[in-house]
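In full-length UniProt numbering, the protein residues as written are 1 to 377. All remarks here apply to the structure that follows.
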């Protein structure tokens with residue numbers, strides 16, 4: 001071990017890459033990102049829906065709400081400067097049952113509390129004028145015009161490339177399993193001395209609680225702040241070369257306490273996506289496509305768009321993702337000044353939207369730490 005890194009980021013998903021890029025933009029030097037896989041974007045980030053959220057339905061007054069709102073703003077600006085595929089298509093959240101009408105009103109109030117003021121209440125007449133292929137029994141709906149679709153793989157690749165061009169370093173196939181902190185020198189050594197750094201940032205996603213055990217091992221009275229509870233979601237993709245899109249916006253169901261539900265939307269490539277499911281599982285690395293789930297998803301889209309079975313849309317494939325849910329409803333971002341460590345955990349499906357804002361937030365956290373960190377620049 002000869003190099004001493006100023007900052008080591010653990011995790012090469014959308015969140016780690018957002019932090020990586022932002023720190024380098026802010027002038028930090030000698031920044032290293034470590035990824036356990038052979039390539040970036042292989043964990044939770046590999047199965048993202050590709051929806052850029054306004055944050056209309058996030059829990060108000062939470063860190064997630066704050067960072068989703070800021071992240072959305074940053075990406076709108078970001079897309080003006082670089083060739084980022086992004087399309088504002090809006091979203092409809094629809095009440096199909098009378099008992100869902102009150103929930104719809106609560107969602108409207110939540111949106112206003114989150115400062116999403118362009119949300120509209122619309123009648124079934126207006127809904128069917130805009131989306132004529134939907135099933136015919138809608139009672140009421142909300143329209144959120146700011147919801148966007150992006151390419152969920154292009155976005156993190158751009159962050160990776162920009163970080164590299166700014167002088168950042170990346171090493172693949174590095175599984176960080178242990179570390180020691182020297183309070184005399186304020187240095188961390190990771191993986192039995194393989195790496196040495198002045199600051200560790202844990203962005204390990206699905207393995208964030210495992211990596212956090214490294215910090216915990218160096219504190220006498222510390223306990224874990226969260227436990228990852230993997231939640232698998234499956235999507236089905238349908239495509240047609242001849243038939244116009246049956247829906248032109250994101251169609252959302254009324255959410256439950258457990259999940260936001262199965263949604264249908266067109267992606268940037270004029271395909272129809274239906275999903276995701278929400279299945280809690282123990283495995284953090286494997287999320288195989290299940291044929292019976294494909295059948296469930298197909299039945300769901302036919303229920304939503306009754307003419308779908310007569311349209312010239314063909315099933316072209318499925319993909320899955322595992323979301324790093326925790327026992328908490330909010331992001332778990334915490335700095336530990338006494339250990340020169342920052343944890344960024346529990347970033348679920350909104351991580352794509354909030355990733356640039358998380359980069360800003362982590363940078364601010366560093367500035368709040370001891371002077372040794374401020375001297376990194």
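All C-beta atoms in this analysis are idealised placements derived from N, C-alpha and C, irrespective of residue type, glycine included.
- Judged by DSSP secondary structure, residue 210 falls within the alpha helix (DSSP H) whose first and last residues are 208-216.
- Rounded to the nearest angstrom, the gap between the Cα atoms of residue 258 and residue 325 is 11 Å.
- Between residue 147 and residue 53, the CB-CB gap stays under 8 Å.
- Using a Cβ distance threshold of 8 Å, residue 134 and residue 143 do not count as a contacting pair.
- For the beta strand (DSSP E) assignment, the uninterrupted runs of no fewer than 3 residues enclosed by the stretch 278-336 are, from N- to C-terminal side, 314-325, 332-336.
- Annotated as proximal: residue 275 and residue 236, with beta-carbon spacing under 8 Å.
- Residues 43, 44, 228, 230, 284, 322, 324 of the same chain have their beta carbon placed closer than 7 Å to that of residue 206, with the five preceding and five following residues left out of the count.
- Put simply, of 279, 318, 281 the residue whose alpha carbon is nearest the alpha carbon of residue 298 is 318.
- If you draw a 10 Å sphere on the C-beta of residue 34, you find 16 or more other C-beta atoms in it, and that means buried.
- The residue among 136, 234, 220 with its C-alpha nearest the C-alpha of residue 290 is 234.
- In terms of CA proximity to residue 273, 304 leads the group 304, 279, 225.
- Per DSSP, the beta bridge partners of residue 345 are 332.
- Looking at the DSSP output, residue 275 sits in a beta bridge with 263.
- Nearest Cα to residue 316 within the set 238, 347, 364, 108: 238.
- Judged by beta-carbon spacing, residue 92 lies beyond the 8 Å limit of residue 349, meaning their Cβ atoms are not closer than that value.
- With respect to residue 23, residue 7 sits close: the two C-beta atoms are nearer than 8 Å.
- Using a 10 angstroms sphere on the CB of residue 364, the tally of other CB atoms stays under 16, which defines it as exposed.
- Taking C-alpha positions only, residue 240 is separated from residue 301 by approximately 15 Å.
- Taken in chain order, the whole alpha helix (DSSP H) runs of length 4 or more contained in the stretch 82-130 are 101-113, 124-130.
- Comparing alpha carbon positions, the residue from 271, 339, 106 closest to residue 308 is 271.
- Less than 8 Å separates the beta-carbon of residue 20 from that of residue 168.
- The C-alpha of residue 208 lies about 19 Å from the C-alpha of residue 337.
- Approximately 6 Å separates the beta-carbon atoms of residue 362 and residue 344; this is inside 8 Å, confirming the contact.
- When DSSP reads this structure, residue 140 sits in a beta bridge with 95.
- For the set 265, 166, 163, the Cα lying nearest the Cα of residue 89 is the one of 265.
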